[in-house]
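Position 234 of the sequence shown, counting from 1, maps to 237 under the numbering used here, and the rest follow consecutively. Think of the CB as a built atom: it goes at the ideal place given N, C-alpha and C, for glycine as much as any other residue. Since the model is a prediction, treat every value here as computed from it, not as a measurement. Have a look at the structure below before the remarks.
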Amino acid sequence: MSDIHLDRVDAEAGNLASPSDYIALLKPRVMSLVVFTALVGMMMAPGGIHPVLGFTALLCIAVGAGASGALNMWYDADIDAIMKRTSGRPIPSGRVTKGEALAFGLTLAAFSVTLLALFVNLVAGLLLAFTIFFYVVIYSMWLKRWTPQNIVIGGAAGAFPPVVGWASVTGSVSFESIVLFLMIFMWTPPHFWALAMFKSDDYRRAGIPMLPVVSGLAETRRQILLYSLILAPIGVLPTILGFASFAYGVAASVLGLAFVILAIRVYRMKDSDQAMLPAKRLFAFSILYLFLLFAMLLVERCISLIGWAV
């Protein structure tokens with residue numbers, strides 16, 4: 004889609020927007036993962052938080068994640084119009100203008116950060132502000148279009164929510180919250196590179212220097228395996244460091260082994276394999292992997308809290 008056409012679509016979009024379009028700007032699927040991992044961070048933190056403040060914190064983190072999504076779509080409208088998987092988003096499809104998306108994102112960002120800082124604590128508010136800034140400015144505006152390591156460094160933005168959740172309870176950052184951060188941070192590259200392998204034509208058309216486009220599939224497969232080998236033991240760290248049970252450690256080990264096995268299959272696949280089935284299977288499993296790790300931590304924490312109450 005040309006810039007002229009995008010400008011014309013932008014000018015006409017205001018009359019077409021619906022509430023569902025603004026919800027789509029928030030990237031609700033990404034938001035759900037953010038809220039879930041932030042909740043785990045809150046529950047894992049020592050001490051406690053008043054339910055009203057806890058709900059407020061989660062609401063602010065969710066709104067902050069949505070603000071990041073809206074601002075990302077505002078800035079990436081040009082490349083979203085080129086890529087098949089994003090061309091139906093509200094801005095390139097002409098249902099929301101770029102100006103509306105920008106105003107919407109900035110308003111949500113200011114609201115979420117201010118509310119979290121004033122009603123929960125300043126540290127959590129500052130961490131949320133930094134997370135939004137990192138995703139929008141460092142990742143979207145700089146790294147994404149500049150380096151094939153974009154998702155490695157930029158993945159930090161998606162790894163901050165459990166740290167913000169932890170800080171909402173304690174007003175500080177601890178080693179345990181950093182471990183939760185590392186679990187998501189090291190998970191992000193193999194997760195997104197697996198996606199990029201079977202969506203490489205999209206990224207190539209948009210001029211985004213994802214690893215498969217810049218360095219080829221062979222190097223991407225090698226990097227996926229390398230990060231998977233690092234990720235697997237990190238997933239077991241909560242047990243090793245004493246803030247998760249032995250049962251969690253066993254389950255995390257099994258899941259990590261399965262992740263590595265799938266990564267090995269990706270590593271061994273041929274460049275001529277147009278079906279990309281190993282990459283697709285790893286991508287799908289990676290979502291389940293992260294969800295199960297954090298779900299087990301959450302369940303264990305809830306069980307321990309119930310035991311203390313009894």
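A149 classed as buried or exposed, judged by whether at least 16 other C-beta atoms fall within 10 angstroms: A quick correction: the sequence has Trp, not Ala, at residue 149. Answer is exposed; the Cβ neighbour count stays below 16.
Residue environment, P49, which counts as buried when at least 16 other CB atoms sit within 10 Å: By the 16-neighbour rule on beta-carbons within 10 angstroms, P49 is exposed.
For A261 and T117, the rounded distance between their alpha carbons: Each residue's Cα considered, the two are about 42 Å apart.
Proximity below 8 Å, CB of G44 to CB of P164: yes
The stretch 222–230 touching the stretch 185–196, judged by at least three CB pairs closer than 8 Å: Contact holds: three or more Cβ-Cβ distances are below 8 Å.
I290, buried or exposed, once every other Cβ within 10 Å from all chains shown has been counted against 16: Result: exposed.
Assigned secondary structure, K147 (DSSP; H/G/I helix, E/B strand, else coil): helix
Straight-line Cα distance separating S307 from T89: 43 Å
Buried versus exposed call for R92 [16 or more other C-beta atoms within 10 Å across all chains shown]: buried
Reference L234, options F58, F188, V166, L131, closest by Cα: Comparing Cα-Cα distances from L234 to each of F58, F188, V166, L131, the minimum goes to F188.
Under the three-state DSSP convention, the category I246 falls into: Checking the sequence shown, residue 246 turns out to be Phe, not Ile. In this structure, F246 counts as coil in the three-state DSSP scheme.
The stretch 107–115 contacting the stretch 68–79, beta-carbon criterion three pairs below 8 Å: Contact holds: three or more Cβ-Cβ distances are below 8 Å.
Reduced DSSP secondary structure (H/G/I, E/B, other) of L109: helix
Residue ranges of each beta strand (DSSP E) within the stretch 211–281, 3 or longer: If you keep only unbroken beta strand (DSSP E) runs of at least 3 residues inside the stretch 211–281, you get nothing at all.
Beta-carbon proximity check, M144 vs Y230, cutoff 8 Å: no
Close-in-space but distant-in-sequence residues of the same chain around A80 (CB under 7 Å, 5 per side omitted): L9, I94, P95, K101
Pair within 8 Å by beta-carbon distance, D205 and M86: yes
Whole-Å CB distance - L296 paired with M186, under 8 Å assumed: 6 Å
Reduced DSSP category for T191 - H, G, I as helix; E, B as strand; rest coil: helix
Option nearest F201 by Cα separation, candidates P236, K273, R304: K273
Pick from Y270, V66, M34, L121 that is closest to G219, judged by C-alpha positions: Y270
Segments assigned beta strand (DSSP E), at least 3 residues, entirely inside the stretch 39–119: For the stretch 39–119, not a single whole beta strand (DSSP E) run of length 3 or above is found.
Which of helix, strand or coil DSSP assigns to L9: Unreliable positioning characterises L9 in this predicted model, as indicated by a pLDDT of 48, which lies under 50. A coordinate reading is not provided.
Contact check, L183 vs A247, beta carbons under 8 Å: no
Spatially closest choice to N153 from M213, T134, E179, by CA coordinates: The shortest Cα separation from N153 among M213, T134, E179 belongs to M213.
Environment of V172 [buried if 16+ CB atoms lie within 10 Å]: buried
With 16 other Cβ atoms within 10 Å as the buried cut-off, status of V257: exposed
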